[in-house]
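This report refers to the structure that appears directly beneath it.
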Amino acid sequence: MKAFFIGLVLFFGLGTLYAADTFPPPFIAEYTLSARGIPVIGEGHIGKGTRTLTYLPNGQFEFKSFAKTTGLAAFIKKIRIEERTLFTRVDGKIRPLEYSYHQTGSQSRSHTVSYDWDQGIAKNTYKGQTQVIPLEEGILDKLLYQIVLMQELMQGKRQLEYKVVGKSKIALYRPTFIDWEFVETGEGSLSTLKYERKSENGKRRTLLWCAPRLHYLPVQVEHIEKDGEVFKMVLQSFISQ
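Counting from 1, position 56 in the sequence shown corresponds to residue 55 in numbering that gives the first Met the number 0; the numbering is continuous, with no gaps.
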């Protein structure tokens, strides 16, 4: 089930501040989670998840992800994952402020990143160990890069590259455009841009299907482990606020 946690992580008019065609509006998206190739569980539904983008009164933004196992998967290994990123926009560019990941249930773990842009550093804490990382423009976290991906696709950009703070280092994410595909979701059949991102060693792959009709939200995500296990999340409902 360890790869399941990785699969979940992978894995997204605006008022007077920003034009509607350059930044996603506030939204709530609900997903079903499924898997195949896992011993005992086999193939089928293993959980559900929700992602929420909120515009805060102070001008900042919050993007949250929640996921939990259900059914047989929960009986075997009860897992609840909450992930949150707080960010702002400076001259139209997204700048992270805080990131947190908390997993509870059969296994517990946490990962936090706090950004001090005045000092030019970020404090990256995982398993009780904190490292200080020099900040540079364009740096993101594992959750926030998906909002930037939506924004850049809305702006017409197709060649994508992101610097992402991981548990121990900054990784370079390079999603590659594959093709246009239709995906069946709870919101109907959606035309999507299909992207693939490979891990640095090439042993793991993440596929994202981003729907222009829903501000390029990833409406389907597949994470393929090196042992062939596949974890999938598919959009069931989308509400734009």
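Note that the Cβ used here is the ideal one computed from N, Cα and C, for glycine as well.
Note that the structure is a prediction, hence the values are computed from the model and not measured.
What residues in its chain sit with their C-beta under 6 angstroms from that of R173, if we drop five residues either side in the sequence?
-> For R173, where only same-chain residues beyond five positions count, the Cβ hits under 6 angstroms are E160.
Please classify H222: does DSSP put it in a helix, a strand, or coil?
-> In the structure shown, H222 sits in a strand (DSSP, three-state: E or B).
Would you call the stretch 21–31 and the stretch 212–220 touching, i.e. three or more CB-CB distances under 8 angstroms?
-> Taking a contact to require three or more Cβ pairs closer than 8 angstroms, the stretch 21–31 and the stretch 212–220 qualify as touching.
Just reading off the beta strand (DSSP E) that Y125 is part of, what are its end residues?
-> DSSP places Y125 in the uninterrupted beta strand (DSSP E) bounded by I120 to Y125.
Tell whether a beta-carbon distance below 8 angstroms holds between A34 and F230.
-> Yes, these two residues count as a Cβ contact at 8 angstroms.
What distance in whole Å lies between the Cβ atoms of T205 and R196, which are believed to be in contact at a cut-off of 8 angstroms?
-> R196 to T205, Cβ: 5 angstroms. Contact.
Could you work out which residue in P95, Q102 and K126 is closest to W116 when comparing CA atoms only?
-> If we check each option's Cα against that of W116, P95 comes out closest.
Would you please state the rounded distance, in angstroms, between the beta carbons of L139 and K166? I believe it to be under 8 angstroms.
-> Actually they are not in contact, since the Cβ atoms of L139 and K166 sit about 15 angstroms apart, beyond 8 angstroms.
State buried or exposed for R50, treating a residue as buried only when at least 16 other CB atoms are found within 10 Å of its CB.
-> Buried, since its Cβ has 16 or more Cβ neighbours within 10 Å.
Going by the beta-carbon positions, is the gap between I146 and I93 smaller than 8 angstroms?
-> Taking a C-beta distance under 8 angstroms as the contact criterion, I146 and I93 qualify as a contact pair.
Limits of the unbroken alpha helix (DSSP H) element including E183 = Here E183 belongs to no alpha helix (DSSP H); instead the beta strand (DSSP E) covers T175 to T184.
Q145 - containing alpha helix (DSSP H), residue span = For Q145, the enclosing alpha helix (DSSP H) starts and ends at L143 to M153.
Just mark N57 as buried or exposed, buried being the case when its beta carbon has 16 or more other beta carbons within 10 Å.
-> By the neighbour-count criterion, in which a residue is buried when 16 or more other Cβ atoms sit within 10 angstroms of its Cβ, N57 is exposed.
Between P23 and the rest of its own chain, which residues show a CB-CB distance below 8 angstroms, the 5 nearest in sequence each way excluded?
-> Within the same chain, L52, I146, M149, Q150, M153, H214, Y215 and L216 come within 8 angstroms of P23 by CB-CB distance, once the 5 residues on both sides are set aside.
Taking only the alpha-carbon atoms, compute the straight-line gap between K202 and W208 and give it to the nearest angstrom.
-> Rounded to whole angstroms, K202 to W208 spans 20 angstroms at the Cα level.
Would you mind sorting L55 into buried or exposed? The rule is 16 or more other CB atoms within 10 Å of its CB.
-> In this structure L55 is exposed. Its beta-carbon is surrounded by fewer than 16 other beta-carbon atoms within 10 angstroms.
Tell me the DSSP bridge mates of P255?
-> In the structure displayed, the chain extends from 0 to 240; residue 255 sits before or after that span and is not available.
Which residues in the same chain have their Cβ closer than 8 angstroms to the Cβ of G119, if we skip the five residues on either side of it in sequence?
-> Excluding residues up to 5 positions away in sequence, P133 and L134 lie with their Cβ nearer than 8 angstroms to the Cβ of G119 in the same chain.
S64 and L143 closer than 8 angstroms at C-beta | No, these two residues do not count as a Cβ contact at 8 angstroms.
Beta strand (DSSP E) segment containing K193, residue limits | Counting along the chain, the beta strand (DSSP E) containing K193 begins and ends at G187 to K197.
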